[in-house]
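Chains as they are written, first to last, in numbering that gives the first Met the number 0: chain A, 0 to 381; chain B, 0 to 381; chain C, 0 to 381; chain D, 0 to 381.
Notes follow the structure.
There are 4 protein chains.
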Amino acid sequence: MRTIVFVIINRANYGRIRSLLLKIKRNKFFKVKIILASSTLLRNFGKIDEILRKDGLKVDYQVYNHIAGENNETMSKSVGLLTVELTTIFSRIKPDIVFNVADRYEILATAIAASYLNIFLVHLQGGEKTGSIDESVRHSVTKLSHLHLPSTEAAKKRIIKMGENKKNVFNVGCPSIDQIKKINLKYNVNLKKYNFGVGYKADLKKPYIVSLVHPVTTDINESPKIVNLLLKIIKKLNYQCVWIWPNIDAGSDKISKIIRKFREQNKDKTKINFYANFENEDYIKLIKYSKCLIGNSSSGIREASFLKVPSVNIGTRQNLRERAKNVLDTRVNELDIQKSIIKQFSKKINTSSNLYGKGNSTDKIIKILKNVKLDTKKIFID
Amino acid sequence: MRTIVFVIINRANYGRIRSLLLKIKRNKFFKVKIILASSTLLRNFGKIDEILRKDGLKVDYQVYNHIAGENNETMSKSVGLLTVELTTIFSRIKPDIVFNVADRYEILATAIAASYLNIFLVHLQGGEKTGSIDESVRHSVTKLSHLHLPSTEAAKKRIIKMGENKKNVFNVGCPSIDQIKKINLKYNVNLKKYNFGVGYKADLKKPYIVSLVHPVTTDINESPKIVNLLLKIIKKLNYQCVWIWPNIDAGSDKISKIIRKFREQNKDKTKINFYANFENEDYIKLIKYSKCLIGNSSSGIREASFLKVPSVNIGTRQNLRERAKNVLDTRVNELDIQKSIIKQFSKKINTSSNLYGKGNSTDKIIKILKNVKLDTKKIFID
Amino acid sequence: MRTIVFVIINRANYGRIRSLLLKIKRNKFFKVKIILASSTLLRNFGKIDEILRKDGLKVDYQVYNHIAGENNETMSKSVGLLTVELTTIFSRIKPDIVFNVADRYEILATAIAASYLNIFLVHLQGGEKTGSIDESVRHSVTKLSHLHLPSTEAAKKRIIKMGENKKNVFNVGCPSIDQIKKINLKYNVNLKKYNFGVGYKADLKKPYIVSLVHPVTTDINESPKIVNLLLKIIKKLNYQCVWIWPNIDAGSDKISKIIRKFREQNKDKTKINFYANFENEDYIKLIKYSKCLIGNSSSGIREASFLKVPSVNIGTRQNLRERAKNVLDTRVNELDIQKSIIKQFSKKINTSSNLYGKGNSTDKIIKILKNVKLDTKKIFID
Amino acid sequence: MRTIVFVIINRANYGRIRSLLLKIKRNKFFKVKIILASSTLLRNFGKIDEILRKDGLKVDYQVYNHIAGENNETMSKSVGLLTVELTTIFSRIKPDIVFNVADRYEILATAIAASYLNIFLVHLQGGEKTGSIDESVRHSVTKLSHLHLPSTEAAKKRIIKMGENKKNVFNVGCPSIDQIKKINLKYNVNLKKYNFGVGYKADLKKPYIVSLVHPVTTDINESPKIVNLLLKIIKKLNYQCVWIWPNIDAGSDKISKIIRKFREQNKDKTKINFYANFENEDYIKLIKYSKCLIGNSSSGIREASFLKVPSVNIGTRQNLRERAKNVLDTRVNELDIQKSIIKQFSKKINTSSNLYGKGNSTDKIIKILKNVKLDTKKIFID
């Protein structure tokens, strides 16, 4: 029997591994412990603890470590503080395995605490290229991890090139695709559940777009610029739009401020409907039935490609990530963005992409976690 | 003009970059800031601040971050705490460059603080293979760094293989060799300066060996075993021996305890002379005139190879590090160690090895730091 | 010459000691160092650094220590983190004196760092009674402080009763009164400077009230209830109202949420004009010309009493603080609050109260700081 | 049923409340949780976890928070770090009561975490006078605590004078006296259990003294001076002496160094037998059968007075603590100390003092903890 700890850092994290968590906790070979940290505990960013509880998952530890300020300084300090606290908690749990997801800046804390304590560290979705600080974090974590579960073949190759032992690198696809396959996609979201958010009340039976812009940590001015342009364009086009709040990150409060100001000044003049957050299943449905997904979120590249939904990817945040044909990239420029949105709005996509897997990641992962030798000695493979 | 911050974590760190520090601080192109942290501030491990002051170097910041306990848990927490504090300090200094040395577990703190703050991060001596947690830390830091200054060709290749841009990877050799070249090696150390340490008073005009055993963080029992055997063997052989205290690390107090106990029980029965610490120059002289260097320190591999001193490398700590012909590796086994010591004690080495450089690293490094473009954007080079 | 460090934790702190800072920095006997921490660095709570710079004051250190979450847990952890960082900074500055203001929960960090480092600790405004966690913090800090500068006679007596040496306890009055006396009160604020805030645009030539409700840390539900009632009542009375955002505290985001929701639902239906923050001088002017000040802020008791402005003090937050006749206390109850507002709205107050001093605190304080013997030994006086 | 958390910070802490812990854990009304922190986890200072386990007590959480350096700076930072971690742990346990012991600098961390989280905080042994930083800490904690359990009448009066509600102040005596009463004092310690320590092997059947000198945090030079004098005097008098290692504190490594040096230089020349640590029961026996107890430990004042053992109290550390007639105070002066030792060595004391209680504290405390109203609102009682 193996004790496995999952550290969940934000709502996207949870979205990615939800199907895995729900399945592994029913598997008697594993004893699952869940630690919530960082923005998962903050109301503005969707208190994930309540969502987990609804999903029947028990939260074992909560760590408030997010230092306010939303800048590079607080990002770095938050990681330091999280390292301290996760170390105490891991030392108490003494798990066999620690499971780390993706590439948020906080995951270096999990990686340090686990690897320094000689605990077998698993990294989901290493090896991808994106070109921001996320990329450095992701590869840095790879070099501390003992088992790698990338989502694509290219990512797998990169991990091996970095000197990792290929016996411990498996392309499992992205478990968020599993998640999608399990959702009953016959119906769209009931927005009443979210009190219809703020601003215009969207009618999802009519055509609509979804917009989601996160801060770009390497260029603090990029996202505010995107948000300004996007609000203006959507107002001009007069499309129905469901707009979702950004992740908590260096720069997120700047974006929030722009949105709030726009809302105050454009009351009743746009069809934009703002939401702090959606439950994961609802988010998938929302995308599924949208005309297109706009912004710089990775879901425009991963989830949307499988869902056959066109997306407009703006700016540098997803720069180098592998993408299927549903994605139209555009620079941060009013005209370009507008043209791209119009184009994608009426595009039809016929086949679902398997670039990020076929939806069988969860079973693959559980099998690997069951059988992998928990060896924490590592040597660079020349 | 460029402001450059050096974070010094332990006495070995300082030894490695002393010649660089002394030269760069006289260069008007650079404004040098020095931060002392971790074991550099602890008396038992040689308060480095006094040594720096004697060398004419100003300490700008001191950070007590070493959490007592000397185990894996405190190692990890100490890194977290250091990350928090270095972030505050770097944000205040706003340097152009942060300079990180080698592979101690603390250097991940420096790397996170600098890279998250978008400060150009330089890493000296990345790319080497050693097979312990140090190796994971070293490579992990590589993936956060912007400029790499490895010491050997093999290390350089490894860094490039890991996806770093070869324009930013330079084999500069090891600056500790520069250090050696500048020392007046005509005379041996005057042990009076150290009050002749503790125990037997060594006479350096007669043949002697030097012994230095550090904790092995991946196997907490290895070093105590080595120390026990080594004390016994040296007593048996009745060689003159200068024994130097270990680094502060998970496991160091276990070693200290063994040494103390041995000392109490073997008073006047051995020719072992114990020292907490030597100034760097004296340490080099001491090795230079010794019959051989014994233990698991990297100086048996680096410095000794240039100094033409035989060394006995015991156990796994330096497992995979590149070595010249002066090194004889041995397993942790009484008979093997004893045979190796006897063999190396009478060996003569005629040519100095250039595996770790020719002693011109300092100038190379300063030139690179002057001209390198301070670009903090990074992309994995496939 | 004496080096004195001021740690400023929030905008109210700065308001209280602004006149002191401006005067002491021109005094050659003192070398002034200013550390900004906690909410002073957060945009939502009025970035104080910009205000200080406008005032010609230099910020020497900035410490991001505010852990997001706005609950009791993050309050406590923020204090711990601040203690760590202030210790490093105080150890670097080596000041003769550390100056601590009032009773926010963060001031225990300043008090611990200074007293443990044997630095002479001054506490402004100890000894008051308020009945919340602030009160415990305030008295706890008293027992760590070496010099006490209370604002009232009753406070002075309490400090001496607690065993402090009366030679080190001086009633200096409240320096915020000095501040008021120096302001040119001929004109009211120009709201254009604040872009007229959000919502209704107040016309300060017509009668208006000022509303300011802070979280009550001992009863997390009290303030939301007050805010709900107050918004409703002011809407009903249709008074012009300038509403100011709360302090960052456990509970502040709950208040913010209520306000935002109200604003969205009552657009154009009220005469409430919302502001994140005012510069201190403008805040004083705003009160001066208002009909009355409503809420649970201490300024309704201190500043308003000197300014001859009626105030309605709601709920338990200022429970036990000494008050002049301008204050009308009321319970958290719709009818009571409404009656009190109507009553105070038309009250006239003729004489300024000297309960919190006559406006000569600054000079008194500087004189004491100059002459006090910096003795850090303390004994309980029975 | 009430959940009660005990935070144990050092071996003296545990000694004081051992009898309470053993009894309360068998009481079904209480659910006991034990947190070990600070020096309790460090080998050099007697790893308390093993002692607790032997006593049948379960350690629920371990917190490494002691930052190495043994100076005022690390003292303060250790408290900050402990505050952060205890907050996370208390928030997880959600206890009804937190129990804080005596006056070590770390207890402010416990007090802040508990009081800020609105948890009912009990303080054992507040109100005493000692005149060092301990005194400030002790009184500062009093002002954050909700229930006070002082050991003497004078202490009780002082707590009430400080404005605490007398309904929540109980003189329960010192539970260390209970502890003593339960020990089988017929036999002295078997030193073999401790491998006869280091140095001379004491024969406890012959007359001997016990020596214990802790650092004095307000005057870093006092204790080294005492230790130097004391070693010299005991050597001169040629008394048998059992010497116990100091607490970990700012200054403790200075003392350790002096002792080690003395030991190396005076091998076989004295009858001093050094021990790192004794189990509590053995410590009591050791004192009981000694001729006198020498140094600056509080046990010379508390335990010794009940045990009818003369003590020599040197220097300022226990300056103002209430004492019975067994104590002879002396200044830090060779002649004075020597005379006092000789005098006390041959003194006979006939009656046990009840100044610190009669040995029924444990029952009193449990009764109070069972019945006290857990009200966390506090107001200064004028």
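Glycine included, each C-beta is placed from N, C-alpha and C at the ideal position.
The structure presented is a predicted model; accordingly, all values stated were derived computationally and were not measured.
- Query: Checking contacts by CB at 8 Å: is residue 64/C closer than that to chain A?
  - Reply: Taking Cβ atoms only, chain A reaches closer than 8 Å to residue 64/C, which makes this a yes.
- Consult DSSP for residue 153/B and reduce its assignment to one of helix, strand or coil. Residue 153/B falls in the helix class under three-state DSSP.
- Query: On the three-state DSSP scale, how would you describe residue 8/D?
  - Reply: Coil, per DSSP.
- Task: Give me the Cα-Cα distance between residue 197/C and residue 271/C, rounded to the nearest whole angstrom.
- Result: As the crow flies, the alpha-carbon of residue 197/C is around 9 Å from that of residue 271/C.
- Task: Given a cut-off of 8 Å, decide if residue 17/A and residue 421/A are closer than it, judged by their beta-carbon atoms.
- Result: Because residue 421/A is not part of the residues shown, which for chain A are 0 to 381, the question remains open.
- Query: Terminal residues of the continuous alpha helix (DSSP H) containing residue 252/C?
  - Reply: Taken as a continuous stretch (DSSP letters only), the alpha helix (DSSP H) holding residue 252/C covers 251-264.
- Since residue 95/D is in the beta strand (DSSP E), which residue starts that stretch and which ends it? Here residue 95/D belongs to no beta strand (DSSP E), and DSSP marks it neither H nor E.
- Message: Between which residues of its own chain and residue 341/D is the CB-CB distance below 8 Å, once the five residues before and five after are set aside?
- Response: These residues qualify, in order along the chain: 236.
- Message: Taking 8 Å as the threshold (beta carbon to beta carbon), is residue 154/C in contact with chain A?
- Response: Among the CB atoms of chain A, none fall inside 8 Å of the CB of residue 154/C.
- Integer Cβ distance of residue 248/B from residue 214/B, believed to fall under 8 Å: Yes, they are in contact, since the Cβ atoms of residue 248/B and residue 214/B sit about 4 Å apart, within 8 Å.
- Message: With a threshold of 8 Å between beta carbons, is residue 138/D in contact with chain C?
- Response: For residue 138/D, the answer is yes, since a Cβ of chain C falls inside 8 Å of its Cβ.
- Thinking C-beta only, is residue 109/A closer than 8 Å to residue 121/A? The answer is no: Cβ separation not under 8 Å.
- With a CB to CB cut of under 8 Å and the five nearest residues on each side skipped, what residues in its chain are close to residue 291/B? Hits under 8 Å: 208, 209, 308, 309, 310, 311, 340, 343, 344 and 346.
- Task: Hey, could you find the ends of the alpha helix (DSSP H) residue 113/C is sitting in?
- Result: Unbroken alpha helix (DSSP H) run through residue 113/C: 106-115.
- Task: Output yes if chain C places a C-beta closer than 8 Å to the C-beta of residue 209/A; else output no.
- Result: So no, residue 209/A is outside the interface.
- Query: Is the shortest distance between the beta-carbon of residue 112/B and the beta-carbons of chain A less than 8 Å?
  - Reply: Closer than 8 Å to some Cβ of chain A, the Cβ of residue 112/B qualifies, so yes.
- Task: Note the first and the last residue of the continuous alpha helix (DSSP H) segment covering residue 228/C.
- Result: Segment 221-236, the alpha helix (DSSP H) holding residue 228/C.
- Is residue 352/C near residue 304/C, with beta carbons less than 8 Å apart? Closer than 8 Å, so yes.
- Which residue spans inside the stretch 177-214 of chain C form an unbroken alpha helix (DSSP H) run of at least 4? Those alpha helix (DSSP H) runs which fall completely within the stretch 177-214 of chain C and span 4+ residues do not exist here.
- Query: Under the three-state reduction of DSSP, which class applies to residue 138/B: helix, strand or coil?
  - Reply: It is helical.
- Item | Simplified DSSP state of residue 126/D, which is helix, strand or coil | Under the three-state reduction of DSSP output, residue 126/D falls in the coil class, being neither helix nor strand.
- Following the continuous beta strand (DSSP E) through residue 310/A, name the residue where it begins and the one where it ends. Start and end: 310-313.
- Should the stretch 39-58 of chain A be regarded as contacting the stretch 68-81 of chain A, the criterion being three or more beta carbon pairs within less than 8 Å? In this structure the stretch 39-58 of chain A does not lie against the stretch 68-81 of chain A, because fewer than three pairs of beta carbons, one per stretch, are closer than 8 Å.
- Does the beta carbon of residue 73/A come closer than 8 Å to any beta carbon on chain C? Among the CB atoms of chain C, one or more fall inside 8 Å of the CB of residue 73/A.
- Task: Indicate the three-state DSSP secondary structure (helix, strand or coil) for residue 58/C in the structure shown.
- Result: Three-state DSSP puts residue 58/C in coil, outside helix and strand.
- Output yes or no for whether 8 Å exceeds the beta carbon distance between residue 159/C and residue 165/C. Yes, Cβ-Cβ distance for residue 159/C and residue 165/C is below 8 Å.
- chain C beta carbons: is any one of them nearer than 8 Å to that of residue 381/D? Cβ-Cβ to chain C under 8 Å: yes for residue 381/D.
- Minimum C-alpha distance to residue 0/B - residue among 156/B, 362/B, 95/B and 87/B: The residue with the shortest Cα to Cα distance from residue 0/B is 95/B.
- Contact residues within the stretch 246-273 of chain D, judged by C-beta distance below 8 Å to chain C: Listed in chain order, the positions of the stretch 246-273 of chain D with a beta carbon within less than 8 Å of a beta carbon of chain C would be empty, since no residue qualifies.
- Task: Would you mind telling me which residues of chain B sit closer than 9 Å to residue 84/C, beta carbon to beta carbon, in chain order?
- Result: Chain-order list of chain B residues neighbouring residue 84/C: 83, 84 and 87, by C-beta distance under 9 Å.
- Message: Do residue 201/B and residue 241/B count as a contact pair if the criterion is CB distance below 8 Å?
- Response: For the 8 Å CB-CB criterion, residue 241/B and residue 201/B form a contact.
- Mind checking who residue 36/A pairs with in its DSSP beta bridge? According to DSSP, which records beta bridges pairwise, residue 36/A is partnered with 62/A.
- Message: Once the 5 residues before and after residue 111/D are set aside, which same chain residues still bring their CB inside 6 Å of it?
- Response: Answer for residue 111/D: 82, listed in chain order.
- Run the CB neighbour count on residue 28/A, radius 10 Å, all protein chains shown included, and call it buried at 16 or more, exposed below. Around the beta carbon of residue 28/A, fewer than 16 other beta carbons sit within 10 angstroms, so the residue counts as exposed.
- Going along the chain, which residues of its own chain have a beta-carbon closer than 6 Å to the beta-carbon of residue 203/B, five neighbours each way excluded? Here the set comprises 187.
- Would the stretch 125-133 of chain B and the stretch 121-141 of chain A be scored as touching if the rule is three or more Cβ pairs under 8 Å? Because the criterion of three Cβ pairs below 8 Å is not met, the stretch 125-133 of chain B and the stretch 121-141 of chain A do not touch.
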